[in-house]
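Down below is the structure, laid out as structure tokens.
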Amino acid sequence: MIQVNNLFKKFNNTQVLKGVNIKIEKNEIVALQGPSGAGKTTLLKSIGLLDSIDKGSILFRNEDITQFNEKQQCFFRNQKIGFVFQFHNLLPEFSAIENIILPSLIAGHSLTEAKKNANSLLSSLNISAQKNKKPNQMSGGEQQRVAIARALINSPKLILADEPSGNLDSKQSNDMFELFNKIRENFSVTFLIITHNNRLAKMADRIINIEDGKII
Ligand SMILES: Nc1ncnc2c1ncn2[C@@H]1O[C@H](COP(=O)(O)OP(=O)(O)OP(=O)(O)O)[C@@H](O)[C@H]1O
Ligand SMILES: [Mg+2]
31 MIQVNNLFKK
41 FNNTQVLKGV
51 NIKIEKNEIV
61 ALQGPSGAGK
71 TTLLKSIGLL
81 DSIDKGSILF
91 RNEDITQFNE
101 KQQCFFRNQK
111 IGFVFQFHNL
121 LPEFSAIENI
131 ILPSLIAGHS
141 LTEAKKNANS
151 LLSSLNISAQ
161 KNKKPNQMSG
171 GEQQRVAIAR
181 ALINSPKLIL
191 ADEPSGNLDS
201 KQSNDMFELF
211 NKIRENFSVT
221 FLIITHNNRL
231 AKMADRIINI
241 EDGKII
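All residue numbers for the sequence shown refer to our numbering, where the first residue is 31 and numbers rise by one.
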């Protein structure tokens, strides 16, 4: 699904990624761990085309996404991957369902179709009752499931998650991991998840460790 080859990235004069190589198979759930500042978020953003790279290649289903033009990049971000951020990054003025349908409308689907898909996600994530609430009227766990639904609305093949359990308690974190497993089974999705939580990392199929910009 994803193959990162000899990836280098620096900010100003600091070399952050120093020749990263990783390979992730379809349907795998992989945890990415390492000390603060090791380059985890930088790596995730590179794979999600949210940040440029200096050298190397990133193959997504054998196609080098770092060579994409602007239009291909937008299509990739909107249709092929879903991003889940630590603090959910939901739009505060929009209700749960409005947050979820946005990527679908951007993809050019009709409002009716977007709502239909959003409602089915809301129901499978058990948050139908929250659909008309704004983020500040929902619990952390509910907001997170809305963020996951938003990440899933365009049926991506890869979910990139940066500390998705960051502000959840241990019960909620467990539920989240169960949910990822369920999503993997139902929608055939591959996951790359940054987590500082060792217990959660052990629930993944595999752990990749990064230290000082290198995979160890
Ligand atoms: N936009 C930027 N400009 C300059 N330096 C940056 C930028 N983004 C990240 N860095 C630096 O790159 C290094 C790696 O950052 P990164 O965010 O990838 O770490 P991380 O492994 O995700 O850490 P954490 O666990 O704390 O989130 C850090 O030293 C950071 O200061
Ligand atoms: Mg980070």
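Note that CB positions come from ideal geometry on N, CA and C, so glycine has one too.
### Residue of N42, Q33, I52, I32 minimising C-alpha distance to K244
Counting from one through the sequence shown, the residue named residue 244 turns up at place 214. Among N42, Q33, I52, I32, the Cα nearest to that of K244 belongs to I52.
### Query
Roughly how many angstroms separate the alpha carbons of V114 and L152, rounded to a whole number?
Residue 114 sits at position 84 when you count from the first residue of the sequence shown. Residue 152 sits at position 122 when you count from the first residue of the sequence shown. Distance between the alpha carbons of V114 and L152 is about 16 Å.
### Message
Taking the beta strand (DSSP E) that I32 belongs to, which residues open and close that run?
### Response
Within the sequence shown, the letter at position 2 stands for residue 32. Taken as a continuous stretch (DSSP letters only), the beta strand (DSSP E) holding I32 covers 32-41.
### Query
In whole angstroms, what is the alpha-carbon distance linking G171 and R91?
What you label residue 171 is simply residue 141 of the sequence shown in a count that begins at 1. What you label residue 91 is simply residue 61 of the sequence shown in a count that begins at 1. Near 32 Å, if we compare the C-alpha coordinates of R91 and G171.
### Query
The beta strand (DSSP E) with D192 in it runs from where to where?
In the sequence shown, residue 192 corresponds to position 162, counting from 1. D192 -> beta strand (DSSP E) spans 188-192.
### Message
Helix, strand or coil for F217? Go by DSSP, reduced to three states.
### Response
Numbered from its first residue, the sequence shown carries residue 217 at position 187. Correct three-state label for F217: helix.
### Query
Does the Cβ of Q160 have 16 or more other Cβ atoms within 10 Å, making it buried, or fewer, making it exposed?
As a working note, residue 160 is residue 130 in the sequence shown. Flag for Q160 reads buried.
### Query
Are there three or more Cβ pairs, one per stretch, closer than 8 Å when the stretch 67-74 is compared with the stretch 234-241?
yes
### Message
Per the DSSP calculation, S87 is bridged to which residue(s)?
### Response
Locating residue 87 in the sequence shown gives position 57, where the first residue counts as 1. N35, per the DSSP bridge assignment.
### Query
Taking C-beta to C-beta, are L190 and G86 nearer than 8 Å?
Translated into positions along the sequence shown, residue 190 becomes position 160. Translated into positions along the sequence shown, residue 86 becomes position 56. No, Cβ-Cβ distance for L190 and G86 is not below 8 Å.
### Stretch-stretch touch, CB-based, cutoff 8 Å, three pairs: the stretch 113-129 with the stretch 172-191
yes
### Task
Quick one: residues in its chain with C-beta nearer than 6 Å to the C-beta of L89, no 5 flanking neighbours on either side, listed in chain order?
Mapped onto the sequence shown, residue 89 falls at position 59. Here the set comprises Q33.
### Task
Could you work out which residue in S150, L120, S158, D235 is closest to Q173 when comparing CA atoms only?
As a first step, residue 173 is located in the sequence shown; it is residue number 143 there, counting from the start. Comparing Cα positions, the closest option is L120.
### Message
With a threshold of 6 Å on Cβ separation, who are the neighbours of S76 within its own chain once the five nearest residues in sequence on each side are excluded?
### Response
Here residue 76 refers to the residue found at position 46 when the sequence shown is read from its first residue. Counting only Cβ-Cβ distances below 6 Å, and skipping sequence neighbours, we find I83.
#### Entry: Three-state class that DSSP yields for L120 in the structure shown
Position 90 of the sequence shown, counted from the start, is the residue given in the question as residue 120. Coil.
#### Entry: Rounded separation between I237 and Q63 - CA only
Translated into the one-based positions of the sequence shown, residue 237 becomes position 207. Translated into the one-based positions of the sequence shown, residue 63 becomes position 33. The alpha-carbon atoms of I237 and Q63 are separated by roughly 7 Å.
### Task
Starting from the N-terminal end, write out each residue whose C-beta falls within a distance shorter than 5 Å of any non-hydrogen atom of ligand 1.
F41, V46, S66, G67, A68, G69, K70, T71, T72
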